[in-house]
Each structure stands twice: as structure tokens, then as C-alpha cells.
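>
In our numbering, the protein residues as written are 4 to 87.
1. Taking DSSP as the reference, what is the three-state secondary structure of residue 5?
2. Suppose you measure from the CA of residue 50 to the CA of residue 12; what does that come to, to the nearest Å?
3. Is the beta carbon of residue 45 sitting closer than 8 Å to the one on residue 33?
4. Is it buried or exposed for residue 64, if we count other Cβ within 10 angstroms and need 16 for buried?
5. Strictly by DSSP, which residues pair up with residue 37?
6. Taking the alpha helix (DSSP H) that residue 24 falls in, what are its first and last residues?
7. In terms of alpha-carbon separation, which member of 17, 61, 48, 56 lies closest to residue 41?
8. Taking 8 Å as the threshold (C-beta atoms), are residue 29 and residue 8 in contact?
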């Protein structure tokens, strides 16, 4: 995925066009910026669910193959940020 694949909106513009932004996210991922810096990514809900399912699979595979307890805990801690 490349930056050209995203649509960018400033926070003010996204607030003013919120309904349009919600409709648009079905076609393209959206980045909302604040003070010119990326702050939020909006994804279509079905895409989000698929992404989280993929993360779960990667986590399970990663943890399954680890024999070292410290490495197991390190990877388990890394994936805590992805729990929903």
C-alpha cells in the first residue's frame, strides 16, 4: 500500500464533510491530518475485521513456533496493542 492509495483530509475538512468521508471510506482508506500531520486512519469496517483476523493469525503462528520463553513473552507483548 502506498500513500497515493489514501485520501487525505484535514481535521476541519473531515468534520465539515463527515458524511461524505464515511461514504468515501468504502472505496478508499482515509487519513485525517491535524496540524498537517497524519493522526487517524479510517478503514471500511469489513476491511478492518479482515486486517484484525490477519493479525490474529500472524500472532498465533508466531507464538506457536517459539521455544524460548523470553521471546514468546516479547512477541505476546507486541501483539497486545492489536487486541480489540
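Virtual Cβ for every residue (Gly too), placed ideally from N, Cα, C.
Working from what's here:
1. The three-state reading of DSSP puts residue 5 in coil, since its state is none of H, G, I, E or B.
2. Going by the C-alpha atoms only, they are around 20 Å apart.
3. Yes; because the gap between Cβ atoms is below 8 Å, this pair is in contact.
4. By the 10 Å Cβ count, residue 64 comes out exposed.
5. 40.
6. From DSSP, the alpha helix (DSSP H) with residue 24 extends over 21–27.
7. Selected option, being the one with the closest Cα: 17.
8. Going by C-beta atoms, residue 8 is not nearer than 8 Å to residue 29.
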